[in-house]
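Asks: Residue numbers (this note's numbering): 551 to 906.
Just so it is clear, CB atoms sit at the ideal spot from N, CA and C, and this is done for glycine as well.
Since the structure is predicted, the reported quantities are computational estimates derived from the model, not experimental observations.
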Ligand SMILES: NC(=O)c1ccc[n+]([C@@H]2O[C@H](COP(=O)([O-])OP(=O)(O)OC[C@H]3O[C@@H](n4cnc5c(N)ncnc54)[C@H](O)[C@@H]3O)[C@@H](O)[C@H]2O)c1
């Protein structure tokens, strides 16, 4: 159990941050969501408040950018924030290749401004940072399952922008330790995050959507942009049992649980790093089959060429987080991720209502 916290959740109007905010509220903590709503949704914040019931009164929302250092200091002081969960980021690999400077600016530069704002306030004792398996780049077959010790060699600006902020956090924590200021950080490298809260109130709404489960569900609902409701499977000649790529899907509730456990364990001066995945991979074809089983509908599929930079198989070795934090995913099959996502998507085929 963690003592009652005053938590700042950056990016809390987005997919994972909103689920984290809800879990913290349910656990009895006070939460401030800070989001510029560039890719987040006011309706997601409202859904968090509703889903939290009476505890929704402990939620505040600030529409702001993480790069606004003075405002961050002000928010942290006003709400006496002691814990930060930093989800806010731009997170499209393809976009990062086309607009690298935006990614370094947002994910490394503005994140550093956030840290300066927290530092000036002087009340924050710990932080959890959303990092990514994209920091590892393209591991060779013998590197999978991926351990935290694998050399990080990102192959796109998204992964690099996250790796650079990991470095900023390592150096900041060392400086705080030397200065005798209590601060610890956990960097969680997520694999593919999937599923939705079991209340059916919180969803996954990225625009454009690039994650396979929501894309499949949108195809089934006939709501893909431009009427493109046929799913393209990129590559069927990979050295995997069915020829399609294999990825590790961690349910968003289990991922959020990893954050809570990391916060509980963190001591001043520590830098902890964990891969968060279930440690088992599903192929694209298996994900499609699971979606067809859950929904009772058939996915229209087109088989295309491989995409450059897509490794055949990626999944985590979660031994470290299991051993050190006692983390164990409750949702271990792809079906539960698909089913909880379907619950939300069939009620919200066009995502959250636009109300920004
Ligand atoms: N979804 C995944 O499978 C996955 C996998 C690995 C890592 N991650 C990481 O997890 C985090 C959350 O991902 P998500 O899928 O919920 O994304 P999301 O786009 O749904 O949420 C991100 C939120 O951050 C906000 N934001 C971005 N830049 C901001 C800024 N400068 N100031 C204030 N708010 C800002 C956006 O408006 C959005 O609401 C990201 O850091 C992402 O890199 C996600």
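Could you check the C-alpha separation between residue 886 and residue 581 for me, to the nearest Å?
Replies: 28 Å
Asks: I'd like the span of the alpha helix (DSSP H) that includes residue 585, first residue to last.
Replies: First-last for residue 585: 580-585, but that is the beta strand (DSSP E), not the alpha helix (DSSP H).
Asks: Determine the direct distance from the alpha carbon of residue 823 to that of residue 876, and round the result to whole angstroms.
Replies: 15 Å
Asks: Using 8 Å for Cβ pairs, my map puts residue 681 next to residue 738. What's the rounded Cβ distance?
Replies: 6 Å
Asks: For residue 675 and residue 818, which I take to be in contact (beta-carbon distance under 8 Å), what is that distance rounded to the nearest angstrom?
Replies: 7 Å
Asks: In whole angstroms, what is the alpha-carbon distance linking residue 664 and residue 617?
Replies: Each residue's CA atom was taken as its position, placing residue 664 and residue 617 some 6 Å apart.
Asks: If residue 871 sits next to residue 821, beta carbons under 8 Å apart, how far is it from one beta carbon to the other, in whole angstroms?
Replies: Actually they are not in contact, since the Cβ atoms of residue 871 and residue 821 sit about 15 Å apart, beyond 8 Å.
Asks: With a 10 Å radius around its C-beta and 16 neighbouring C-beta atoms as the bar for buried, classify residue 734 as buried or exposed.
Replies: buried
Asks: DSSP on residue 616, reduced to helix/strand/coil?
Replies: coil
Asks: Is the region 551-569 close to the region 629-643, with three or more CB pairs under 8 Å?
Replies: Because the criterion of three Cβ pairs below 8 Å is met, the region 551-569 and the region 629-643 touch.
Asks: Any idea what DSSP makes of residue 655, helix, strand or coil?
Replies: Of the three classes helix, strand and coil, the one that applies to residue 655 here is helix, per DSSP.
Asks: Can you tell which of 895, 830, 890 has its C-alpha closest to the C-alpha of residue 868?
Replies: 830
Asks: Answer yes or no: do residue 719 and residue 679 have a C-beta to C-beta separation smaller than 8 Å?
Replies: It is a contact, given that the beta carbons lie within the stated cut-off.
Asks: In the DSSP output, which residue or residues are listed as bridge partners for residue 878?
Replies: In the DSSP output, where bridge partners are listed per residue, residue 878 has none listed.
Asks: Start and end of the alpha helix (DSSP H) containing residue 722?
Replies: 707-728
Asks: Have a look at residue 828 and residue 801 and give me their C-alpha separation to the nearest angstrom.
Replies: 9 Å
Asks: Can you find a heavy atom of ligand 1 that lies under 7 Å from the Cβ of residue 743?
Replies: yes
Asks: When every heavy atom of ligand 1 is checked, does at least one fall within less than 7 Å of the C-beta of residue 860?
Replies: no
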